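Colleague: Quick one: the structure is below, and I'll ask about it shortly.
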Amino acid sequence: MYGISLAMFIRAGLGLDPWDVFHQGLANRTGLSIGVVVIAVSFLVLLLWIPLRQMPGFGTLCNAVLVGVFADVGLAFIPAVSHLASQAGLLAGAVLLNGIASACYIGARFGPGARDGLMTGLARRTGWSVRLSRTLIEVTVLAVGWLLGGSVGVGTVVYALAIGPLVQLLLPRFMVPAPAPKTAAEPAPANC
Numbered sequence: 096m097y098g099i100s101l102a103m104f105i106r107a108g109l110g111l112d113p114w115d116v117f118h119q120g121l122a123n124r125t126g127l128s129i130g131v132v133v134i135a136v137s138f139l140v141l142l143l144w145i146p147l148r149q150m151p152g153f154g155t156l157c158n159a160v161l162v163g164v165f166a167d168v169g170l171a172f173i174p175a176v177s178h179l180a181s182q183a184g185l186l187a188g189a190v191l192l193n194g195i196a197s198a199c200y201i202g203a204r205f206g207p208g209a210r211d212g213l214m215t216g217l218a219r220r221t222g223w224s225v226r227l228s229r230t231l232i233e234v235t236v237l238a239v240g241w242l243l244g245g246s247v248g249v250g251t252v253v254y255a256l257a258i259g260p261l262v263q264l265l266l267p268r269f270m271v272p273a274p275a276p277k278t279a280a281e282p283a284p285a286n287c
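Heads up: the sequence shown runs through residues 96 to 287, numbered per my numbering.
In C-alpha cells form, the structure reads like this:
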C-alpha cells in the first residue's frame, strides 16, 4: 500500500510528499529511479535507529525493500493525470492510503518501516507525540529535498500537515494487542 501511495502521489502532479521530495532530489542527482533511491535511503535511515535503540523486525526489512519496488511498479502502471479534480482525488487517495499503510504495518507489530520506526523511536525516546515527531521529521526532509531540487507544491503542504494527525488517529484502530505477559503457572487444584 505504501509503495502504491507513493506512486499515486507522484502521478497526482501537485507536489510530492516530503520524503519523495527528498527521494526525487536524490534520484535527479544520481540518475537512479525513485524506487531504488527509496530502498537505499531506507537502509541509511535504519542506521539512525541505533542511537534510538529501535529494533528492526521482519516487517522493517520487508518495508525497506518492497516500498521502493512497488513505487516503481506503481509508476509504471498509474498514468499521470492533468485534470485538477483528478489530481486532487489522486492526492487525497495517496495521503489516505499512506496513513492506512503506516498504521497497518506499525500496528501489526512486525516492525515499522525505516521512516516510521524513526518517528516512533523518536517519540518513545523523547516523550514527544507521534504527531510532533512525524511533523518534525517531515519538515526536515522536505527542506533538504527542496534544496536538492525535489518538487514542492500544494500537495506537499497537505501531506506534511495531514500525515501526523492521520497516523495518530488510525494507529489505535489498527494496533494488534500486545501479547499478555507470561505469569508463573498456578498449581492445579487438587481433586477431592
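Heads up, the beta-carbon is just placed ideally off N, CA and C, and yes, glycines get one too.
Small disclaimer: the values here were computed from a predicted structure and weren't measured.
With the cut-off set at 9 Å, would you say P113 and G248 are in Cβ contact?
Modeller: Here residue 113 refers to the residue found at position 18 of the sequence shown. Here residue 248 refers to the residue found at position 153 of the sequence shown. Contact: no.
Colleague: Taking just the CA atoms, how far does G259 sit from L231?
Modeller: Stepping through the sequence shown from its first residue, residue 231 is reached at position 136. Stepping through the sequence shown from its first residue, residue 259 is reached at position 164. Taking the straight line joining both Cα atoms gives about 10 Å.
Colleague: Check whether the Cβ atoms of Y254 and Y97 sit closer than 9 Å, and answer yes or no.
Modeller: Residue numbering aside, residue 254 sits at position 159 when the sequence shown is read from its first letter. Residue numbering aside, residue 97 sits at position 2 when the sequence shown is read from its first letter. Cβ atoms of Y254 and Y97: not closer than 9 Å.
Colleague: If we call anything under 9 Å between Cβ atoms a contact, is V190 one with A257?
Modeller: Position 95 of the sequence shown, counted from the first residue, corresponds to residue 190. Position 162 of the sequence shown, counted from the first residue, corresponds to residue 257. Yes. Within cutoff.
Colleague: Using C-beta distances below 6 Å, list every residue in its chain close to P151, excluding the 5 sequence neighbours before and after it, in chain order.
Modeller: Locating residue 151 in the sequence shown gives position 56, where the first residue counts as 1. For P151, where only same-chain residues beyond five positions count, the Cβ hits under 6 Å are G206.
Colleague: Is it right to say V234 is buried, meaning 16 or more other beta carbons lie within 10 angstroms of its own, or is it exposed?
Modeller: Walking along the sequence shown from the start, residue 234 turns up at place 139. With fewer than 16 other Cβ atoms within 10 Å, it is exposed.
Colleague: Just mark T40 as buried or exposed, buried being the case when its beta carbon has 16 or more other beta carbons within 10 Å.
Modeller: Here the chain comprises residues numbered 96 to 287, so residue 40 is not present and cannot be evaluated.
Colleague: Figure out for me which residue from L265, P276, K277 has the closest Cα to the Cα of L192.
Modeller: Position 97 of the sequence shown, counted from the start, is the residue given in the question as residue 192. Measuring from the Cα of L192, the nearest candidate turns out to be L265.
Colleague: Comparing C-alpha positions only, which one of I99, L109, L217, H118 sits nearest to V236?
Modeller: Numbered from its first residue, the sequence shown carries residue 236 at position 141. It is H118.
Colleague: By Cβ distance below 7 Å, which residues in the same chain neighbour L143 in space, the five residues on each side in sequence not counted?
Modeller: The residue you call residue 143 lines up with position 48 of the sequence shown. Excluding residues within five positions, the ones whose Cβ falls inside 7 Å are L213.
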